[in-house]
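Start counting the sequence shown at 2; every next residue gets the next number (our numbering).
Even for Gly, the Cβ is constructed at its ideal location relative to N, Cα and C.
Since we're looking at a predicted model, the values are computed, not measured.
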Amino acid sequence: MSILDTIVWRVDASNPDPAVLAEAGQMIRRGRLVAFPTETVYGLGANALDVEAVEALFAAKGRPRDNPLILHLAAAEDLFPYVREVPPLATKLMGAFWPGPLTLVFFGTGRLPAVVTGGLGTIAARVPAHPVALGIIRAAGVPVVAPSANLSGRPSPTTAAHVLADLRGRIDAVVDGGPTPLGIESTVLDLTGKVPRVLRRGAVSSSEIADVAGVMPEEAPEAAEKDFRCRLRVPLILVEGEAQAVVEKIRSLYTAFAAEGKRVGILTREERAGDYPGQVVPCGREGDTRSVGACLYAALRQLETVADVILAEGLPAEAGAALQRRLRQAASEVVRAEREP
Ligand code: AMP
Ligand code: MG
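What follows is the structure in structure tokens.
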């Protein structure tokens, strides 16, 4: 693969320069790879109708070819040429969640190249809720595939700096619209079976889906959710359990690693930032899921640059299964902290 001179454009996320959106959209239409912010994470956009562009996208990310891509559309009606039918439940969910972080899986019409869909016969699609993403997709005038703009297996990028750290020289451009608001990926919901089924947990919870759908979706088992298994550069030990026991366990692990001369990074909530020694990175507030989601990937990327080992506080189930699973999948080891008898 040749080395590209990756262009960086800066825009205001809420009021982006239309000239930049137009140029970025035209580049995608012509077969180039352009990264841009969505409300979830940065996506790497390519023209879904251009087989060579989609193949170049898989190569740039080092993404396995059997992992299908999500179609990003500027409006719900742009979906119709590519899906066999839009069931009533889909219409309801699209009305409630689009634009937004819910990806829906439909039966396809076969009008998209097989490289997009992994030859599955189904199509995953969403309309992102971000003025930069929407503006670029509209300007492209074609459906755009936009998987996360990271090297496959790395934490998803939530800033343009993360995109450049992984993909500078491998993609044509990145539109920098600042940090992405949600910070975790969309929820993927399969509507091709008898009951709706969550294939990947994400920014929309199953209970939020149930509120609209009138039924609780099935959930794919944890083992089937390979999407966000991420490799950090250093080991991460996740400590789960009752809050005070977790603090004590992390403090004792810190002492042991520090005695070996290791630089120790600690991932905690803002309330407990003062409770630890070492390189402490507070991410989010206790009981505020959204605030944790917004900084989780950025905190992991920051910690791996300053530490030889990361000790992370577990997230309670109330913080949402999506976040808990992402952290577990980033961990090299999960330990349970027990209170001293
Ligand atoms: P991303 O890595 O964010 O691009 O998301 C890709 C994920 O969306 C895949 O790993 C699947 O979980 C899901 N997905 C995409 N396309 C399809 C499809 N045609 N059928 C079922 N799931 C899909
Ligand atoms: Mg990804």
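The ligand MG heavy atom lying under 7 Å from the CB of residue i
| i | result |
| --- | --- |
| residue 157 | yes |
| residue 333 | no |
| residue 148 | yes |
Proximity of residue i and residue j at Cβ, strictly below 8 Å
| i | j | result |
| --- | --- | --- |
| residue 313 | residue 237 | yes |
| residue 190 | residue 88 | no |
| residue 305 | residue 254 | no |
| residue 91 | residue 108 | no |
| residue 173 | residue 161 | no |
| residue 203 | residue 186 | yes |
| residue 308 | residue 330 | no |
Given residue i as reference, the closest of the options once Cα atoms are compared
| i | options | result |
| --- | --- | --- |
| residue 318 | 243, 164, 333, 45 | 243 |
| residue 68 | 305, 125, 185, 83 | 125 |
| residue 128 | 99, 143, 108 | 99 |
| residue 198 | 86, 104, 184 | 104 |
| residue 72 | 146, 118, 60 | 146 |
| residue 341 | 307, 255, 246 | 246 |
| residue 271 | 176, 315, 296, 286 | 286 |
| residue 28 | 196, 214, 46, 327 | 46 |
Heavy atom of the ligand AMP within 7 Å of residue i beta-carbon
| i | result |
| --- | --- |
| residue 309 | no |
| residue 38 | no |
| residue 24 | no |
| residue 68 | yes |
| residue 106 | yes |
| residue 51 | no |
| residue 87 | no |
| residue 191 | yes |
| residue 201 | yes |
| residue 1 | Only positions 2 to 342 of the chain appear in this structure, which leaves residue 1 out of reach. |
| residue 188 | no |
| residue 267 | no |
Rounded Cβ spacing between residue i and residue j (contact assumed at less than 8 Å)
| i | j | result |
| --- | --- | --- |
| residue 101 | residue 54 | Their Cβ separation, rounded to whole angstroms, is 26 Å, which puts residue 101 and residue 54 out of contact at 8 Å. |
| residue 250 | residue 240 | 5 Å |
| residue 44 | residue 57 | Between residue 57 and residue 44 the Cβ distance is about 15 Å, and since that is not below 8 Å, they are no contact. |
| residue 42 | residue 188 | Not quite, the Cβ-Cβ distance comes to about 13 Å (not below 8 Å), so this is no contact. |
| residue 168 | residue 61 | 6 Å |
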